[in-house]
Amino acid sequence: LPNNIKLSFFHPKPKSDTIALIHHAIDSGITILDTSDAYGPHTNEILPGKALKARYRGRVELATKFGIRYEDGQYSYCGDPAYVRAACEARLKRLDVDCIDLYYQHRIDTKVPIEVTIGELKKLVEEGKIKYIGLSEASASTIRRARHPSNNSCAVGMVLVVTRCGGRDCSYLQGTWHWNCCVQSSRMWLSFIRTKVG
Numbered sequence: 001l002p003n004n005i006k007l008s009f010f011h012p013k014p015k016s017d018t019i020a021l022i023h024h025a026i027d028s029g030i031t032i033l034d035t036s037d038a039y040g041p042h043t044n045e046i047l048p049g050k051a052l053k054a055r056y057r058g059r060v061e062l063a064t065k066f067g068i069r070y071e072d073g074q075y076s077y078c079g080d081p082a083y084v085r086a087a088c089e090a091r092l093k094r095l096d097v098d099c100i101d102l103y104y105q106h107r108i109d110t111k112v113p114i115e116v117t118i119g120e121l122k123k124l125v126e127e128g129k130i131k132y133i134g135l136s137e138a139s140a141s142t143i144r145r146a147r148h149p150s151n152n153s154c155a156v157g158m159v160l161v162v163t164r165c166g167g168r169d170c171s172y173l174q175g176t177w178h179w180n181c182c183v184q185s186s187r188m189w190l191s192f193i194r195t196k197v198g
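Each residue of the sequence shown is one higher than the one before, starting from 1 at the first, in UniProt numbering.
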């Protein structure tokens, strides 16, 4: 998955232009679309859903994020299992797909143990609603706990998302490379890096 397009939250464009842009990106070699319910809100999931009809869906991996909620003018992080499931169900409907390729936690909710969040994500994998689990901007300790054999997640495909790491010490990630692959992101939307680990 060497190329990606970030579907973000900048200036609005006509729907037809956005769909045409997504088609052009895929035709030009983009292989992963990465969005979130925090962008839009929701428009950035509805439009890719429309764009990926017919011949386009099978040509890209579809990634979307959960975990940032906006209520009463305030942002908060949420990893509660009921929310994780409800957000996934809403996501499947907005994207108009049966399965999300990569579903990852946008930010870690420190009020909910990561083992609890991962447990619900694992159920979604088993139900065929998502293929891979991901964590974004997680500490090394959180990463290890998420992947620990005691929570039965080791058989599930998992993705580590390292964001805005450029220019600072990322040695804290040592010992976490048993993940399936790593996505590097930044304010410049760096490309997807496929890393075989083991």
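Think of the CB as a built atom: it goes at the ideal place given N, C-alpha and C, for glycine as much as any other residue.
- A Cβ-Cβ distance of about 16 angstroms is found for the pair residue 69 and residue 120, leaving them out of contact under the 8 angstroms criterion.
- Beta bridge pairing from DSSP links residue 62 with 33.
- Under DSSP, residue 71 takes part in a beta bridge, and its partners are 74.
- Between residue 36 and residue 18, the C-beta spacing is not below 8 angstroms.
- For residue 135, there is no enclosing alpha helix (DSSP H); the enclosing beta strand (DSSP E) has its first and last residue at 130-136.
- With contacts defined by Cβ atoms closer than 8 angstroms, residue 75 and residue 88 do not form a contacting pair.
- Under DSSP, residue 103 forms a beta bridge with 64, 133.
- Within the model, the alpha-carbon separation for residue 66 versus residue 90 is close to 11 angstroms.
- Counting of Cβ neighbours within 10 angstroms places residue 107 among the buried residues, the total reaching 16 or more.
- Inclusion of residue 100 and residue 146 in the CB contact set at 8 angstroms is not warranted, their separation being larger than that value.
- Within the same chain, and ignoring the five residues on either side of residue 77 in sequence, the residues whose Cβ sits closer than 6 angstroms to its Cβ are 67, 107, 109.
- In its own chain, leaving out the 5 sequence neighbours on each side, no residue places its CB closer than 6 angstroms to the CB of residue 126.
- It is roughly 22 angstroms from the alpha-carbon of residue 135 to the alpha-carbon of residue 97.
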